[in-house]
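Going by UniProt numbering, the sequence shown opens with residue 1, and the numbers climb by one from there.
Positions of the beta carbon are idealized from the N, C-alpha and C atoms, including for glycine.
Note that this is a predicted model, so its numbers are computed, not measured.
Worksheet for the structure shown next.
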Amino acid sequence: MEFDLSWILLGLPVAFALGWIASRLDLRQLRIENRQAPKAYFKGLNYLLNEQQDQAIDAFIEAVQKDPDTSELHFALGNLFRRRGEYERAVRVHEHLLSRADLSQKDRDRAQHALAQDFLKAGLLDRAEDALRKLDGTRYQEQAWLTLLSLHERARDWAQAAAIAGRLQTAGQADFSARQAHYLCEQAADALNKKHDPSKARQLLQQAIDQSPGAARPRIQLAGLLAGHDDWHGAFEQLAKLEHHAPQAMPLVASELVRIGHASGQLARGRQLLERSYALTPAVDVADALVQADVSAGVPLSEAREGYVRHMTQEPSLIAAGRWLSHEPFAKEGAHPAVQRSIEHAARPLARYRCAACGFEAQGYFWQCPGCQAWESFPPRRIEEL
Ligand SMILES: [Zn+2]
């Protein structure tokens with residue numbers, strides 16, 4: 001490849017000349033700004049560049065006192081400190097802004113909002129809550145409510161969470177009715193387990209059912225409560241209603257349906273219900289419950305377990321294979337435990353539930369994901385079936 005050197009020889013002086021002119025223009029601009037801006041800015045900036053944050057902030061505060069229109073600088077500084085994890089300083093900046101009498105209402109709200117962020121990031125949740133509550137009536141109101149909602153959820157203060165969700169619902173933010181049902185269920189669980197007040201728990205669950213007829217959890221929880229008090233018939237009715245109101249939840253209660261159906265003398269009805277559910281969605285938990293129902297009805301296990309084979313012809317399933325194998329007589333009897341153990345080991349991760357929002361996996365089903373705090377983000381099916 002050949003270069004034309006004459007272009008470079010010509011071009012270099014031109015580039016130098018252009019650069020020189022540009023630098024003169026920059027200097028002139030800087031001199032004009034220098035005359036206009038208070039010295040305290042540059043002092044502050046210098047301190048900041050030298051990582052002397054305390055002196056820098058003092059210089060900036062001085063600059064602001066001399067020039068009341070520099071609230072923008074304060075906001076920038078406050079955000080900077082928060083982002084650096086220097087929450088105490090961020091709070092100082094924002095509290096200073098709030099203490100100023102000349103601040104516009106708009107900037108006052110903005111400072112209040114920034115202060116709430118400082119407390120949140122610093123983990124001072126009580127103070128964050130106070131700061132957020134002061135944002136009522138401002139343009140940050142709904143954002144503040146959403147943050148308060150997650151704070152109350154984290155603190156498991158369900159009554160407060162319900163109050164905020166109600167306000168958000170009225171403000172037309174989104175539909176919070178499903179979440180309200182969870183709050184009532186949580187309160188019911190607290191009433192039952194902490195306060196030993198089953199009638200209060202029952203009343204809360206009934207309220208949840210009335211408010212959200214399509215929610216599965218209140219009916220499942222109510223069935224558990226009734227079964228715990230030997231009201232087998234009432235418990236069975238609650239689970240049976242899921243077929244119409246929340247059919248997707250049937251795999252979660254399939255085994256319980258057999259147990260309660262057996263205790264209430266309605267095993268045959270329970271089995272029919274499971275068959276209908278299985279015809280719609282062949283879930284492995286429902287297949288398993290059908291085998292249990294047959295065994296409960298007196299069918300010999302060697303016959304009943306054919307239900308697992310039926311399931312495997314529909315859906316290949318290591319979980320079903322393991323269950324079927326556990327009762328299969330082996331020609332080589334000694335090999336059975338090792339093979340059985342291997343299949344179970346391979347099937348165990350497949351039998352977990354997985355959050356669709358964050359991927360968190362758990363052996364048991366969660367209504368609220370412990371990983372990402374989302375509600376009902378776990379599909380009611382095992383990982384193998386997803
Ligand atoms: Zn999650």
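Query	Result
Option nearest Trp375 by Cα separation, candidates His182, Ala304 and Val93	His182
Environment of Gln314 [buried if 16+ CB atoms lie within 10 Å]	exposed
Residue list, Cβ distance to ligand 3 heavy atoms smaller than 6 angstroms	As for ligand 3, it is missing from this structure, which binds only ligand 1.
Check whether Val93 and His74 have beta carbons under 9 angstroms apart	yes
Neighbourhood of His196 by C-beta distance below 6 angstroms, restricted to the same chain and skipping five residues each side	none
Euclidean distance between Cα positions of Ile220 and Gly137	40 angstroms
Sufficient close CB pairs (3 or more, under 8 angstroms) joining the segment 326-345 to the segment 232-248	no
Nearest residue (CA-CA) to Trp158, options Leu115, Ala189 and Asn79	Ala189
Residues of its chain near Tyr308, where Cβ-Cβ distance is below 6 angstroms and the 5 sequence neighbours each way are ignored	Ala320, Arg323 and Trp324
DSSP bridge partner residues for Glu361 (one or two, in chain order)	Arg354
Whether Leu148 touches Arg133 by CB criterion (9 angstroms)	yes
As assigned by DSSP and simplified to three states, the class of Gln373	coil
Inter-residue Cα distance where the pair is Glu88 and Leu77	12 angstroms
Euclidean distance between Cα positions of Pro316 and Leu350	12 angstroms
Own chain, CB closer than 7 angstroms to Pro337, minus 5 neighbours either side, in chain order	none
Host alpha helix (DSSP H) of Asn50 (start-end)	Premise fails: Asn50 is in no alpha helix (DSSP H) and is neither H nor E.
DSSP state of Gln368 mapped onto helix, strand, coil	strand
Exposed unless 16 or more other CB atoms sit within 10 angstroms - verdict on Thr170	exposed
Opening and closing residue of the alpha helix (DSSP H) in which residue 438 lies	The chain is shown from 1 up to 386; residue 438 falls before or after that span and cannot be answered.
Proximal residues to Cys185 (C-beta, below 8 angstroms), its chain only, five neighbours per side dropped	Leu204, Leu205, Ala208, Arg217, Pro218, Gln221 and Trp367
Residue interval of the alpha helix (DSSP H) (run including Thr147)	Gln141 to Arg154
Nearest-angstrom Cα separation, counted from Pro380 out to Cys372	17 angstroms
Own chain partners of Glu256 with C-beta closer than 6 angstroms, once the 5 adjacent residues on each side are dropped	none
Whole-number beta carbon distance between Ala227 and Ala240, since they are thought to touch under 8 angstroms	Not quite, the Cβ-Cβ distance comes to about 13 angstroms (not below 8 angstroms), so this is no contact.
Proximity of Leu103 and Ser150 at Cβ, strictly below 9 angstroms	no
Expected contact under 8 angstroms - CB spacing of Val286 and Met250 to nearest Å	6 angstroms
Cα-Cα separation, Ala63 to Gly44	8 angstroms
Proximity to Arg167 [Cα-Cα], best of Gln143, Ala215 and Gln53	Gln143
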